[in-house]
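Engineer:
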Amino acid sequence: MDGFQRKIIRLLSENSRASVSDIASELGASRKKVKETIDRLVDKKIIKRFTIELAQEAEFTSQPFRALFNIRLVAPNCRQLFADLQKHDEILGAWSISSSDIDMMVLVEAKDVEVVENVRNSVARHPLVQTMYTNSILTTWRDPRSNSRRDGEADV
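Start counting the sequence shown at 1; every next residue gets the next number (UniProt numbering).
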């Protein structure tokens, strides 16, 4: 590894969100040279991932609370409901469902149950929502977002 690569790694270690332009400016190099060097470091698996460091008091230092909202609509208009739900940052996913009882499922994640309850109350008051019930997620055995698995490990 050469000195230029080491400097880039040092800057990224200090701030993994630093832009290529900022790094180039700091090093007095072209943006293209910095980008190509970072790409090579990633290709060679010298840089495995770009991460963040959370403060101890940050949200989600413990397990977040997750729930599934099962929603029946007064009219089949999942697209409109989803458009209106976009204001909730806690919503991780939403699906139209082929079911006689449910039109839509919504996955919600927040730092605690109270935040999920507030989102739930907001969704339940939506004029398109006829009925709604909630399933709390107790254990996540596999999360496709993180590729993590739990093989028989119990949640405590």
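All residues carry an ideal CB built from backbone N, CA and C; glycine is no exception. Bear in mind that the values here come from a model prediction, so they are computed numbers and not experimental data.
1. I believe residue 133 touches residue 70 by the beta-carbon criterion, under 8 Å. Please report the beta-carbon distance rounded to the nearest angstrom.
2. Give me, in chain order, the residues of the same chain whose beta-carbon lies closer than 7 Å to that of residue 130; leave out the 5 immediate sequence neighbours on both sides.
3. Between the region 38-48 and the region 5-24, do at least 3 Cβ pairs fall closer than 8 Å?
4. Out of 27, 30 and 81, which one is the CA nearest neighbour of residue 125?
5. Just to confirm, is the Cβ distance from residue 85 to residue 123 under 8 Å?
6. Quick check on the DSSP output: the alpha helix (DSSP H) that includes residue 109 runs from which residue to which?
7. Going by the beta-carbon positions, is the gap between residue 104 and residue 96 smaller than 8 Å?
8. On the criterion of 16 or more Cβ atoms from any shown chain inside 10 Å, does residue 153 qualify as buried, or is it exposed?
9. Along the chain, which unbroken stretches of the alpha helix (DSSP H) at least 4 residues long are found entirely within the UniProt domain "HTH asnC-type" (1-72)?
10. Quick check: the Cα distance between residue 66 and residue 87, rounded to an integer number of angstroms?
Structural biologist: With the structure as the only source:
1. Rounded, the Cβ-Cβ distance is 5 Å, consistent with contact.
2. Answer for residue 130: 72, 73 and 74, listed in chain order.
3. Three or more pairs of CB atoms, one per stretch, sit closer than 8 Å, so the region 38-48 contacts the region 5-24.
4. Per the Cα distances, 81.
5. Taking 8 Å as the Cβ cut-off, residue 85 and residue 123 qualify as a contacting pair.
6. Unbroken run through residue 109 is the beta strand (DSSP E), 104-110; no alpha helix (DSSP H).
7. In this structure, residue 104 lies near residue 96, with their beta-carbon atoms less than 8 Å apart.
8. Summary for residue 153: the model assigns pLDDT 49, below 50, so the residue's position carries little reliability, and this model does not support an answer.
9. Unbroken alpha helix (DSSP H) runs of no fewer than 4 residues, entirely contained in the UniProt domain "HTH asnC-type" (1-72), are found at 3-14, 20-27 and 31-43, following chain order.
10. Spanning the two alpha carbons is a distance of roughly 18 Å.
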